[in-house]
Amino acid sequence: MFVVGSAARDTHDKFEKEADKYNDILQVDTIEHYHNITYKAQAWIQLLTSCPHPPKFVIKLDDDVMVDRLGVEYLIDRYLSQEQYNGTDLGTYCQGMAYIFSGDQLRHMRDNISRVQFLWTICPAMVIQEFRIVNSNK
């Protein structure tokens, strides 16, 4: 899914063609600008939270990031459970261009995202760290 804001007419027409063909565009009612990226994050978090069958994992990527699918599968298969590491904090590692998190965190993120200081860029790790959200798959 590509999350986009409002754009000039010619770009908007391209978005509509893409959406009609692939159904992969979520358009947010905000101007397409880097400083509005938080609104776009809120929109995709809300959309995924409303799905009847939430995803097991969420992978967020910037549109200029390449993915090694086998590498991602390797990381997901080696998930660090609370039994393996009972600490409460691994630190914040989110750089923004790409991150993976458990789908069970979406509801917590949606419920708490408005309580985190507004920044140009929002990082789910900020919400998770601020409200000490832990894995609910015990």
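So for the sequence shown, this note's numbering puts the first residue at 1; every next one is plus one. Where a beta carbon is used, it is the ideal one built from N, C-alpha and C, also for glycine.
Reduced DSSP category for residue i - H, G, I as helix; E, B as strand; rest coil
i: residue 18; result: helix
i: residue 29; result: strand
i: residue 53; result: coil
i: residue 46; result: helix
i: residue 24; result: coil
i: residue 83; result: coil
i: residue 138; result: Legend: pLDDT at residue 138 = 47, less than 50; position of this residue unreliable, value from coordinates given subsequently. It is coil, neither helix nor strand.
i: residue 67; result: coil
CA nearest to the CA of residue i, picked from the options
i: residue 67; options: 83, 98 and 56; result: 98
i: residue 81; options: 101, 55 and 71; result: 101
i: residue 60; options: 115, 112, 41 and 33; result: 41
i: residue 105; options: 83, 49, 74 and 63; result: 49
i: residue 32; options: 12, 75 and 18; result: 12
i: residue 139; options: 18, 47 and 58; result: The requested residue 139 does not occur in the structure, where the chain is confined to residues 1 to 138.
i: residue 103; options: 84, 47 and 114; result: 47
Contact set for residue i: own chain, Cβ-Cβ below 6 angstroms, skip 5 residues either direction
i: residue 30; result: 5, 36 and 39
i: residue 7; result: 32
i: residue 18; result: 25
Beta bridge counterpart(s) of residue i as assigned by DSSP
i: residue 98; result: 61
i: residue 6; result: 31
Own chain, CB closer than 7 angstroms to residue i, minus 5 neighbours either side, in chain order
i: residue 3; result: 26, 28, 40, 43 and 44
i: residue 110; result: 45, 46 and 49
Neighbourhood of residue i by C-beta, 8 angstroms cutoff - its chain only, sequence neighbours within 5 removed
i: residue 63; result: 2
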